[in-house]
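Student: If you read the sequence shown in the working numbering, its first letter stands for residue 47, the second for the next number, and so on.
In this text, a Cβ means the ideal position worked out from N, Cα and C, and glycines have one as well.
Quick one: structure below, then a few questions.
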Amino acid sequence: MRSIPSLLLACLLAACGEGTPVATAPVGNQDWIVGQAATIGMLTRAAFVCGIALPTQVQDRAARIEAQALRIREVQGGLAARDAFLHALQPPEFDPHRRGRDRTDWCNARRAEIARMDAMLSGPEGAALAQQAEAARQ
């Protein structure tokens, strides 16, 4: 049977090693959430256009973060602000005369960013960001 101090020490050591610190939004900083959502939204759409599959968990977290950003934009500036935010997330129009070369170049330039976003949203930082976005709603 272990003594209470050794159990307490084991718990404290386990808690200290639970992972890396995660980025957190400054308290009450809705612009920070909107900025994160814009980057995530652009890269999520890029992944779709480029044929890069994102795990369901990543898509869910991205949607929750973006939904909060849309609410914030709508409160700040009405439907026009919300629609402008959504419009800014869209990938560019690709030239059909280039037969996909412009799309390929555009996608290749974003693959590393998409992979970083995927890793971030899959981990504790993504979970924390989704929780912060939902907490800002309440």
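Inspect the CB distances between the stretch 92-108 and the stretch 156-170 and report whether three or more fall short of 8 Å.
Tutor: yes
Student: For PHE94, count neighbouring Cβ atoms within 10 angstroms of its own Cβ and tell me buried if that reaches 16, exposed if not.
Tutor: In the sequence shown, the residue the question calls residue 94 occupies position 48. PHE94 should be labelled exposed.
Student: Determine, using beta-carbon pairs with one atom in the stretch 115-122 and one in the stretch 138-155, whether at least three such pairs fall under 8 Å.
Tutor: no
Student: For GLN114, which residues from the same chain have a beta carbon less than 8 Å from its beta carbon, with the 5 sequence-adjacent residues on both sides left out?
Tutor: One-based indexing of the sequence shown puts residue 114 at position 68. Sequence-distant partners of GLN114 (beyond 5 residues in either direction) whose C-beta falls short of 8 Å from its own C-beta, in its chain, are ILE79, ALA83, ALA179, GLU180, ALA182 and ARG183.
Student: Just checking ARG156 against the ligand ZN - is the residue's beta carbon closer than 7 Å to any of the ligand's heavy atoms?
Tutor: The ligand content of the structure shown is nil, which means the ligand ZN is not present either.
Student: Identify which residue in MET88, ALA158, ASN75 and LEU175 has its Cα closest to the Cα of PHE131.
Tutor: The residue given as residue 131 occupies position 85 in the sequence shown. By alpha-carbon distance to PHE131, the top candidate from MET88, ALA158, ASN75 and LEU175 is MET88.
Student: Thinking just about the alpha-carbon of each residue, which of GLN76, ASP151 and ARG147 is nearest to the one in GLU112?
Tutor: Taking the first residue of the sequence shown as position 1, residue 112 is located at position 66. For GLU112, the nearest C-alpha among the options comes from GLN76.
Student: Find out if the Cβ-Cβ distance for the pair ILE160, ALA99 is shorter than 8 Å.
Tutor: As a working note, residue 160 is residue 114 in the sequence shown. As a working note, residue 99 is residue 53 in the sequence shown. Contact: no.
Student: Buried or exposed: ALA176, going by 16 or more other Cβ atoms within 10 Å of its Cβ?
Tutor: Looking up residue 176 in the sequence shown gives position 130. It counts as buried.
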